[in-house]
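S.K.:
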Amino acid sequence: MKSEIVKIQSKKLLGKSKVMSLSEDSTKELWQSFMPHRKAISHRVDEMLYNMKIFEPGFDVKQLSPVTPFRKWAAVEVESFESRLEGMEIHTLKGGLYAKFLHHGPASTFHKTLEYIHTEWMPESEYQLDDREHFERFDEHYNPADPSSVEEVWIPIRRGTDL
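So the sequence shown is numbered by the numbering used here: it starts at 20 and just counts up by one.
#1: Can you look up F100 in the DSSP assignment and give me helix, strand or coil?
#2: If you check the beta carbons only, do I60 and V95 fall under 8 Å apart?
#3: Just mark N162 as buried or exposed, buried being the case when its beta carbon has 16 or more other beta carbons within 10 Å.
#4: Would you say K35 and F100 are within 8 Å of each other, going by their C-beta atoms?
#5: Could you tell me whether the segment 113-123 touches the segment 69-86, using the rule of 3 or more Cβ pairs below 8 Å?
#6: Using three-state DSSP, classify M141 as helix, strand or coil.
#7: If we ignore side chains and look at the alpha-carbon of each, how far apart do E143 and I174 end up?
#8: Grouping DSSP H, G and I as helix and E and B as strand, with all else coil, what is R177?
#9: Would you decide whether E170 is buried or exposed? Buried here means 16 or more other CB atoms lie within 10 Å of its CB.
See below:
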């Protein structure tokens, strides 16, 4: 699996969020509550959707368990926060250095991509996990059950010497 190291600027995201864990995963409900309203967001930057996770400060992926809480977002990037839809929340993604991967296949195999990133790629790279937002990006035609689906996986990183 190839990676691309990308430095991104901060991004303004508008969407809905919910605290959950892997054992109490309500991703489907979160996206079902967001998707009917996405077309009403007039100041979108593009047609991409953001599936973002924010862990508690100091989170160590090695300690991830089924009950580790995180805030999950279903969002789009917007030009500004000036006009907001009722029921939508705002978040400024910090930006910075990311390792970008492509996950091919259904969402049910996504854990294999993350396992590769964290147990093979990261230890063999010059990078460490950084304490920022993790996110996936995909277009509106993405189908989590489709074996031919592709989504971008963005992992926040820093050089091992940038402590």
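Just so it is clear, CB atoms sit at the ideal spot from N, CA and C, and this is done for glycine as well.
Predicted model only: the values in this text are computed from it and were never measured.
M.R.: The answer reads as follows:
#1: coil
#2: yes
#3: exposed
#4: no
#5: no
#6: Under the three-state reduction of DSSP output, M141 falls in the helix class.
#7: 15 Å
#8: strand
#9: buried
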